[in-house]
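Notes to accompany the following structure.
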Amino acid sequence: MLETIAVLAVFFILLMLGFIFYTKVIKSGVEEEKEENIQLSAIKIAQQAAALPELQCSQNNVIKDNCVDRLKLEVADNIMQSPENEIFYYDKFSFSKITVEEIYPNTKEWPLYDRPLDDYTHTLVTHIPISIFNPENDENAFGLMEVESYLK
Amino acid sequence: MHSKKGVVEIQFNWIFAIIAGAIIIILFTTIILKQKESSETAANLMIIKNLDVIWSGSETTIGTVNIIKIPKTKIEFRCNGYSIWNSPKQLNTMNVFVPSVLDGDRIISTTLGWGIPYRATNLVYLTNPKIRYIFIAEDDNEFANKIYDMVPDEIRKNKYTSAALIKDENDDEVRIVFFDQEPAVTNNLKGIKKVTALKIVGDKDKGTVEFFGLVNDIFVSKETSYYIKEETLLGAIFTDDKEIYDCAMKSAFKKLNIVSQVYEGRVNELTAIKPNCIYGTSQIRSILDASEEFSKSNIDIIDIAAKNLEEQNKNLQKKSCPLIY
Numbered sequence: 269m270l271e272t273i274a275v276l277a278v279f280f281i282l283l284m285l286g287f288i289f290y291t292k293v294i295k296s297g298v299e300e301e302k303e304e305n306i307q308l309s310a311i312k313i314a315q316q317a318a319a320l321p322e323l324q325c326s327q328n329n330v331i332k333d334n335c336v337d338r339l340k341l342e343v344a345d346n347i348m349q350s351p352e353n354e355i356f357y358y359d360k361f362s363f364s365k366i367t368v369e370e371i372y373p374n375t376k377e378w379p380l381y382d383r384p385l386d387d388y389t390h391t392l393v394t395h396i397p398i399s400i401f402n403p404e405n406d407e408n409a410f411g412l413m414e415v416e417s418y419l420k
Numbered sequence: 051m052h053s054k055k056g057v058v059e060i061q062f063n064w065i066f067a068i069i070a071g072a073i074i075i076i077l078f079t080t081i082i083l084k085q086k087e088s089s090e091t092a093a094n095l096m097i098i099k100n101l102d103v104i105w106s107g108s109e110t111t112i113g114t115v116n117i118i119k120i121p122k123t124k125i126e127f128r129c130n131g132y133s134i135w136n137s138p139k140q141l142n143t144m145n146v147f148v149p150s151v152l153d154g155d156r157i158i159s160t161t162l163g164w165g166i167p168y169r170a171t172n173l174v175y176l177t178n179p180k181i182r183y184i185f186i187a188e189d190d191n192e193f194a195n196k197i198y199d200m201v202p203d204e205i206r207k208n209k210y211t212s213a214a215l216i217k218d219e220n221d222d223e224v225r226i227v228f229f230d231q232e233p234a235v236t237n238n239l240k241g242i243k244k245v246t247a248l249k250i251v252g253d254k255d256k257g258t259v260e261f262f263g264l265v266n267d268i269f270v271s272k273e274t275s276y277y278i279k280e281e282t283l284l285g286a287i288f289t290d291d292k293e294i295y296d297c298a299m300k301s302a303f304k305k306l307n308i309v310s311q312v313y314e315g316r317v318n319e320l321t322a323i324k325p326n327c328i329y330g331t332s333q334i335r336s337i338l339d340a341s342e343e344f345s346k347s348n349i350d351i352i353d354i355a356a357k358n359l360e361e362q363n364k365n366l367q368k369k370s371c372p373l374i375y
């Protein structure tokens with residue numbers, strides 16, 4: 269009788285150890301997947317921001333990649349941050365901050381979207397090199413689009 | 051003869067083994083059930099994540115066709131959202147044209163830019179390799195031929211001059227697109243599980259789309275909607291549900307409205323810095339006002355304004371002025 273109880277006790281102890289080990293493995297997998305999802309979401313936001321027709325340069329409807337129209341930039345910041353368009357952009361960019369910055373020859377910054385997360389723990393920043401085209405004098409400036417994703 | 055103590059001990063051993071065995075079986079069953087539940091949830095989440103990636107990835111790359119492998123599942127779409135088993139996902143904006151149900155382990159996605167006349171957004175189309183698209187139009191109908199060619203080759207498609215000529219290919223689902231013809235059911239369609247139809251009346255710029263469902267072997271009109279430019283007509287072909295189509299159209303109109311606001315501001319700036327070039331915001335203003343609501347009358351206004359704006363852009367190019375778009 270005592271032997272049977274001892275065998276069962278050992279069996280349950282081994283089962284418990286196995287279960288604890290399995291839970292730890294699953295937990296670390298979940299953490300890895302969470303991190304991957306966060307990075308994917310940040311890249312997704314950066315991709316979408318770079319491909320906004322509201323900002324992209326075009327000549328006769330032919331889109332120039334990685335190019336932002338300066339005149340569009342001047343008006344887009346107000347439009348993108350207006351309350352009536354808030355939900356539309358929130359669906360695309362969630363909790364993030366998007367800024368376009370001219371680096372050369374002059375320096376200037378255009379904040380386009382900013383919706384911070386109140387209790388965020390860290391941020392993930394993506395920089396996209398872009399040219400800023402000025403239709404007034406047909407010249408290009410060098411700039412960066414900064415996409416900052418707020419994470420919990 | 052067994053002693054009384056021995057008999058009690060043997061009986062107790064049996065009871066003990068049964069209880070211990072039952073506990074072990076319950077334990078393992080619980081673990082298996084929990085594991086099954088969590089793997090189902092993980093699979094659903096993976097599909098939702100995949101769909102999000104398809105959506106956002108497709109949105110930024112025009113003209114590509116992707117065949118995405120997903121775990122076999124049934125995804126039900128509705129206006130501004132979808133659900134996989136019991137996992138719903140809400141979307142505030144939906145610029146995706148998709149059948150009401152996608153059942154299977156593969157999704158085909160393709161994207162086209164929608165510009166009237168300036169590009170407002172990219173429209174994403176999702177479908178399933180199981181769905182066969184059949185176009186019914188006269189051979190010399192150039193518009194129908196063009197729309198047929200716009201459907202990627204990766205999607206199962208055929209073209210006939212009459213519904214009676216459709217060959218049975220043992221399909222699960224068929225969507226028949228009639229150009230300037232009343233949808234008619236023929237005997238060769240009666241064995242197919244799901245048949246829907248669309249009647250198109252219009253041209254490359256605009257027109258009406260009438261959605262049909264099969265009730266008692268007869269095509270019954272559900273409702274009529276409208277398209278503007280071939281890209282949204284393609285949306286009506288991919289979407290078998292008028293509610294989903296209208297929802298995607300409303301979302302596209304909202305985006306057109308925002309982009310028009312940007313172009314109006316840009317033209318105002320151009321007017322100030324290039325006084326020798328003749329700009330005007332009246333056409334953009336018309337598009338801006340008309341894009342507030344998706345309706346037939348607004349489509350007519352946008353169509354006229356877009357044509358005028360195209361002309362205005364050409365004139366600016368002749369005079370070497372910065373273009374509007």
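So the sequence lines, in the order shown, correspond to chains V and A. Take the position in the first sequence, starting the count at 1, then add 268; the result is the number in this note's numbering. Take the position in the second sequence, starting the count at 1, then add 50; the result is the number in this note's numbering. For each residue, glycine too, the CB sits at the ideal point set by N, CA and C. None of the values given here were measured: they were computed from a predicted structure.
Ranked by Cα distance from Val270/A, the first of Ala247/A, Tyr276/A, Leu284/A and Glu280/A is Ala247/A. DSSP lists Arg169/A as the beta-bridge partner residues of Gly165/A. Leu419/V has His390/V as its beta-bridge partners, per DSSP. Its chain contains Asn334, Ile396, Ile398 and Met413 as the residues whose beta carbon lies nearer than 8 Å to that of Ala318/V, once the 5 sequence neighbours on both sides are disregarded; these appear in chain order. Rounded to whole angstroms, the separation of the alpha carbons of Val103/A and Thr114/A is 14 Å. The beta carbon of Leu323/V lies closer than 7 Å to those of Val336, Asp337, Lys340, Leu341 and Ala344 in the same chain, with the five residues before and after it left out.
CA-to-CA, the gap between Val278/V and Glu223/A works out to about 57 Å. Counting the other Cβ atoms within 10 Å of the Cβ of Gln316/V gives 16 or more, which makes it buried.
Distance from Asp255/A to Asp353/A at the Cβ level is roughly 5 Å; contact confirmed, criterion being Cβ atoms closer than 8 Å. Cα atoms of Ile112/A and Leu83/A: separation of roughly 44 Å, rounded to the nearest angstrom. Between Gln231/A and Ile186/A the beta-carbon gap is near 6 Å, inside 8 Å, which marks them as a contact. Below the 8 Å Cβ cutoff, chain V contributes Gln315, Gln316, Ala318 and Ala319 as neighbours of Thr110/A, in chain order. Look at Asp382/V here: in three-state DSSP terms it is strand. Your pair Leu373/A and Gln327/V checks out as a contact, with CB atoms roughly 6 Å apart and the cut at 8 Å. Each residue's CA atom was taken as its position, placing Asn266/A and Ile197/A some 30 Å apart. Flagged as an interface residue toward chain A: Thr272/V, by a C-beta distance shorter than 9 Å.
The beta-carbon distance between Ile294/A and Arg128/A, rounded to whole angstroms, is 7 Å. This is short enough to meet the 8 Å contact definition. For Cys327/A, no beta strand (DSSP E) run applies, since DSSP gives it neither H nor E.
Listed in chain order, the non-local C-beta contacts of Ala194/A below 7 Å within the same chain comprise Phe185, Ala187 and Phe229, local neighbours out to five positions each way being set aside. Ser150/A has its alpha-carbon roughly 6 Å from the corresponding atom of Asp290/A. The alpha-carbon separation between Gln311/A and Asp155/A amounts to approximately 41 Å.
The Cβ atoms of Tyr418/V and Tyr381/V do not sit closer than 9 Å to each other.
Residue state for Leu306/A is assigned as helix, using DSSP reduced to three classes. Spatial neighbours of Ala355/A in its own chain (CB-CB distance under 6 Å, excluding positions within 5 residues in sequence) are listed in chain order as Gln333, Ser336 and Ile337. In the three-state reduction of the DSSP assignment, Asn318/A falls in the helix class.
Here Ser106/A is not near Thr160/A, since their CB atoms are 9 Å or more apart. Assigned with DSSP and collapsed to three states, Cys371/A falls in coil, not helix or strand. Judged by DSSP secondary structure, Asp333/V falls within the beta strand (DSSP E) whose first and last residues are Val330 to Asp337. The Cβ of Asp382/V sits no closer than 9 Å to any Cβ of chain A.
Of the candidates Ile351/A, Ser137/A, Lys217/A and Ile75/A, the residue whose Cα lies closest to the Cα of Ile97/A is Ser137/A.
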